[in-house]
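In the working numbering, the protein residues as written are 23 to 134. Structure first, commentary second.
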Amino acid sequence: GASGTSITCSIQGFLIITLYMAFPFYYASFSIYAYVAVTNNYKEEKYAWMEKWIHIGAYLPPLTLAIVAAVNDWIQPGLSYCTLDIPGNCEFQVDPNCDYHSSPVFIPLSLI
23 GASGTSITCS
33 IQGFLIITLY
43 MAFPFYYASF
53 SIYAYVAVTN
63 NYKEEKYAWM
73 EKWIHIGAYL
83 PPLTLAIVAA
93 VNDWIQPGLS
103 YCTLDIPGNC
113 EFQVDPNCDY
123 HSSPVFIPLS
133 LI
């Protein structure tokens, strides 16, 4: 199972949430950005406005989710890494004292 303290788990979960969500958005956005650049004959004044929205869209949602999750202690140790979960949801927890119940809030970070 995952090991460390709640602080190291929160740091790991914070980084995983942020990076797992930001990178796919960047790749998709840059593909669209390149398509728009080609269709506008690389006239930067026609598509330069997109760049700031790419950066905002890539980091604002993941950072918001990661901060809220860290503050509310929703990042919990899982089987091999810390996952976004609410306390008390034991579906993927390694704690034998955890009372099992299913929660719709559980989001495995590998699926983000």
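Using N, Cα and C, we set each Cβ at its ideal position, and we do this for glycine too.
Across which residues does DSSP place Ile97 in a beta bridge pair? Leu106
Return the CA-CA distance between Thr40 and Tyr55, expressed in angstroms with no decimal places. 22 Å
When we look at the beta-carbon of Ser2 and count the other beta-carbons within 10 Å, is it buried (16 or more) or exposed? This structure does not reach residue 2, given that the chain is present from 23 up to 134, and the question cannot be answered.
Count the other CB atoms, across all protein chains shown, that sit within 10 Å of the CB of Pro139; report buried if there are 16 or more and exposed otherwise. Only positions 23 to 134 of the chain appear in the structure, and residue 139 is not among them; the question remains open.
Taking just the CA atoms, how far does Val93 sit from Ser53? Answer to the nearest angstrom: the Cα atoms are 34 Å apart.
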